[in-house]
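Here is the structure we will look at, set down as structure tokens.
Numbering (UniProt numbering), first residue to last: 1 to 215.
Now the structure itself:
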């Protein structure tokens, strides 16, 4: 019997051959030129702003170092204030002159003056109707004893300027005031009766202000 050689069949390994997994290749990112361009523009703007600010600061410093021009003072003409005269409310009043006692006094056109004893006693008053008079000024001559007696009384007196004369006056109530004047050895008593109406009282004060002794 002939020994035939049987070819040896290689025994395959029982290990399972795993397929080789391929690592996925990531796509390359595109380079974003827009972002870089924007950044460059921003940087240029900032740099330009800083440079411009530095130039402006230098100019201001240079301008501050320059001497300032001294303003020339032009003298202005002195204006003389115009004095507006105060209107005289007594300009159209009547004037009473007493040659016996050497004085004069003014009173309104619509007021009345009554000569009681040929110049030794006069009365100035306003009478809107025939029943009642409003306000009163009574000027009369007195002798030296009456003058000294009135001023020597215990009732307090105060100085009041009547016209250009300093009178000594006293008040017994809120309406009546007696004033006493002397001039060239003559003695006068002035009775002043005021009202509650301030308009009439203002006129009475103006009448007294117009009183003056004659030279």
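Think of the CB as a built atom: it goes at the ideal place given N, C-alpha and C, for glycine as much as any other residue.
Problem set entry | With 16 other Cβ atoms within 10 Å as the buried cut-off, status of residue 49 | Stepping through the chain shown from its first residue, residue 49 is reached at position 49. Exposed, because fewer than 16 other Cβ atoms sit within 10 Å of the Cβ of residue 49.
Just list the alpha helix (DSSP H) runs in the region 141-184, keeping only unbroken ones of 4 residues or longer that don't cross its boundaries, in chain order. Considered as a whole, the region 141-184 harbours 144-151 as its complete alpha helix (DSSP H) runs of no fewer than 4 residues, in chain order.
3 or more residues per run - each beta strand (DSSP E) lying fully within the region 81-109: Those beta strand (DSSP E) runs which fall completely within the region 81-109 and span 3+ residues are 94-98, 103-107.
- Query: How would you label residue 207, buried or exposed, when you count the other beta carbons within 10 angstroms and need 16 or more for buried?
  - Reply: The residue given as residue 207 occupies position 207 in the chain shown. With 16 or more other Cβ atoms within 10 Å, it is buried.
| task | Tell me whether residue 209 sits in a helix, a strand or coil according to DSSP, three-state version. | result | The count along the chain shown starts at 1 and reaches residue 209 at position 209. It is helical.
Item to complete: Mind reading off the beta-carbon distance from residue 113 to residue 122? Whole number of angstroms is fine, and I expect it under 8 Å.
Response: For the purposes of this step, residue 113 is taken as residue 113 along the chain shown, with counting starting at 1. For the purposes of this step, residue 122 is taken as residue 122 along the chain shown, with counting starting at 1. The Cβ separation is near 6 Å, so the contact holds.
Compute the Euclidean distance between the alpha carbons of residue 159 and residue 192, then round it to the nearest angstrom. Here residue 159 refers to the residue found at position 159 of the chain shown. Here residue 192 refers to the residue found at position 192 of the chain shown. Cα to Cα, the separation comes out at about 15 Å.
query = Does DSSP put residue 283 in a helix, in a strand, or in coil?
reply = What is shown of the chain runs 1 to 215, which leaves residue 283 out entirely.
Handout entry: Neighbourhood of residue 108 by C-beta, 7 Å cutoff - its chain only, sequence neighbours within 5 removed
Key = The sequence position of residue 108 within the chain shown is 108, counting from 1. Answer for residue 108: 93, 203, listed in chain order.
Note down the Cα distance separating residue 151 from residue 168, rounded to an integer number of angstroms.
Position 151 of the chain shown, counting from 1, holds the residue named residue 151. Position 168 of the chain shown, counting from 1, holds the residue named residue 168. Going from the Cα of residue 151 to the Cα of residue 168 covers about 8 Å.
- Which partner residues of residue 134 appear in the DSSP bridge assignment? Taking the first residue of the chain shown as position 1, residue 134 is located at position 134. Answer by DSSP bridge pairing, in chain order: 126.
In the structure shown, what three-state DSSP assignment does residue 13 receive? Indexing the chain shown from 1 puts residue 13 at position 13. Low local confidence applies: a pLDDT of 49 at residue 13 is under 50, so the model's placement there is unreliable, with the coordinate-based value given in what follows. In this structure, residue 13 counts as coil in the three-state DSSP scheme.
(message) One question on the structure: do residue 86 and residue 106 come within less than 9 Å of each other, judged by their Cβ atoms?
(response) Translated into positions along the chain shown, residue 86 becomes position 86. Translated into positions along the chain shown, residue 106 becomes position 106. No.
Does the beta-carbon distance from residue 139 to residue 84 come in below 9 Å? Position 139 of the chain shown, counted from the start, is the residue given in the question as residue 139. Position 84 of the chain shown, counted from the start, is the residue given in the question as residue 84. No.
- Quick one: grab the DSSP three-state call for residue 76. If you number the chain shown from 1, residue 76 lands on position 76. Of the three classes helix, strand and coil, the one that applies to residue 76 here is coil, per DSSP.
Item to complete: List the residues that DSSP assigns as beta-bridge partners of residue 112.
Response: By one-based count along the chain shown, residue 112 stands at place 112. Bridge partners of residue 112: 125.
Pick helix, strand or coil for residue 191, following the three-state DSSP scheme. Position 191 of the chain shown holds residue 191. Here residue 191 sits in strand by DSSP.
| residue 58 by DSSP, collapsed to three states: which one? | Here residue 58 is taken as the residue at index 58 of the chain shown, counted from 1. Of the three classes helix, strand and coil, the one that applies to residue 58 here is helix, per DSSP.
| query | Tell me which same chain residues have a C-beta within less than 6 Å of the C-beta of residue 238, skipping the five on either side of it? | reply | Nothing in the structure corresponds to residue 238, since the chain is present only between 1 and 215.
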